[in-house]
Amino acid sequence: MSNTLAYIVVANVASTVLSIALAAWLSFRWLSSLVDKLVCVSAGLLLTVAFTHLLPEAFHSEADPLVLGWLLLGGILGFFLLEKLALIHHTHHHEGDAHHHGRGHDAHEARRGGWPVLIGDAFHNFADGVLIAAAFVVDVGLGVAATLAVIAHEIPHEVGDFMILLNAGFTPRRAFAFNLIAGAAAVAGGVIGYFVLDATRLLLPYALAIAAASFIYIALSDLLPEMMRRSSLRHSLPEVLLVLAGVVIAALVTATMH
């Protein structure tokens, strides 16, 4: 096994286990305030990795910039379509949080069933594994930054999954086990992504563009709108600072390990 493949497997296993374990702890302890902070940090991480690392690497290659631009646009629209079709989802709210949904809103949403959530989560995790592989194939530092961005996003995402599964009738132990099974798709995505990208290096810039589209879509359609729900300066200032903290973390990691 090459060093790069080993890094990819370890990164995907770590991101899966850490995000699900921390999400389970947060879900069962109801620490929603910490989840909101992670949403802010992950927005900064995702945007920084996408705009300052993934896209520059893609556009500095021999690939046609116009094709990459269309692929980036197509990726963003594609993720929008997949979310509309409920193949992927990004749920961060739960009963008792500060989002002011009507009473019973989340329980009602959860009763639509936990299995579609798990299927969509496996699809989403597989894609995360591929983009982590693409980042590591380029550079170890970029791979670490992409892994941190995925972990920071997946923790609040998995908290939402736990709330849905628990309200759908899953026991905590069963919800944890099935989330881990769905999370294993990330490792499969990472291994498959490595072999495809390593064998056909010409595909790498396009994979990076799609990875950037995923990060940008998640940040702009899901994470940042979460913060727009609160408009007071007292709430907004810490959120802005946490987003900037995510930017700084991503910049430091890649600068240190490049």
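The opening position of the sequence shown corresponds to residue 1 in the numbering used here, with each subsequent residue numbered one higher.
Yeah, the Cβ is synthetic: ideal placement off N, Cα and C, and Gly gets one too.
Own chain partners of residue i with C-beta closer than 7 Å, once the 5 adjacent residues on each side are dropped
i: G143; result: Y7, A11, I132, A135 and F136
i: L71; result: Y206, A209 and I210
i: V9; result: V187, G190 and V191
i: F28; result: P172
i: K37; result: L242
i: V13; result: V187
i: D198; result: V137
i: V247; result: G44 and T48
Three-state secondary structure (DSSP) of residue i
i: E62; result: coil
i: D161; result: helix
i: M228; result: coil
i: G141; result: helix
i: S2; result: coil
i: G78; result: helix
i: A168; result: coil
i: S19; result: helix
i: L47; result: helix
i: L85; result: coil
i: N12; result: helix
i: G96; result: Reliability of the predicted coordinates at G96 is poor, the pLDDT of 43 falling under 50, and the value obtained from them is presented with this limitation in mind. Coil, per DSSP.
i: E154; result: helix
Opening and closing residue of the alpha helix (DSSP H) in which residue i lies
i: L180; result: P172 to A199
i: D128; result: W115 to V138
i: S214; result: L204 to I218
Own chain partners of residue i with C-beta closer than 6 Å, once the 5 adjacent residues on each side are dropped
i: A122; result: A182 and A185
i: S15; result: T147, V150 and I151
i: I210; result: G75
i: E57; result: V138 and L208
i: Y194; result: L5, I8 and A133
i: G104; result: Any answer about G104 is weak, because its pLDDT of 42 lies below 50 and its placement is not dependable; what the coordinates show is given next. Nothing listed; no residue qualifies.
Proximity winner among the options, relative to residue i (alpha-carbon distances)
i: P156; options: V243, E62 and L223; result: L223
i: L73; options: E62, G193, L55 and Y194; result: L55
i: L241; options: M227, L220, S221 and S2; result: M227
i: D277; options: A24, S214 and P205; result: Limits of the chain in this structure are 1 at one end and 258 at the other, which puts residue 277 out of reach.
i: V138; options: L26, G44, V17 and L203; result: L203
i: S221; options: L81, V196, V67 and G169; result: L81
i: P238; options: F176, V17 and V39; result: V39
i: H225; options: A43, I20 and G169; result: The sequence as given places Pro at residue 225; His does not occur at that position. That would be A43, whose Cα lies nearest to the Cα of P225.
i: A219; options: L45, L26, K37 and V17; result: L45
i: T256; options: V140, S61, G120 and H60; result: V140
i: V117; options: A127, F178 and S61; result: F178
i: D161; options: N3, I20, A145 and E62; result: I20
i: H153; options: N125, M163 and N3; result: N125
i: V17; options: L180, N3 and R234; result: L180
i: A127; options: L26, S214 and V67; result: S214
i: K84; options: F59, V67 and G120; result: G120
i: W251; options: A145, G69, W25 and L68; result: Strictly speaking, residue 251 in this sequence is Ala, with Trp absent from that position. Of the candidates A145, G69, W25 and L68, the one whose C-alpha sits nearest the C-alpha of A251 is A145.
Expected contact under 8 Å - CB spacing of residue i and residue j to nearest Å
i: A245; j: V41; result: 6 Å
i: G189; j: G129; result: 3 Å
i: L47; j: I249; result: No, L47 and I249 are not in contact; Cβ-Cβ is about 12 Å, not under 8 Å.
i: E158; j: A50; result: Between A50 and E158 the Cβ distance is about 21 Å, and since that is not below 8 Å, they are no contact.
i: T200; j: H53; result: Contact flag wrong, Cβ pair sits at about 21 Å.
Residues of its chain near residue i, where Cβ-Cβ distance is below 8 Å and the 5 sequence neighbours each way are ignored
i: V196; result: L203
i: S61; result: L204 and P205
i: H108; result: In this prediction, H108 has a pLDDT of 47, which is less than 50 and means its spatial position is unreliable; what the coordinates show is noted afterwards. Hits under 8 Å: none found.
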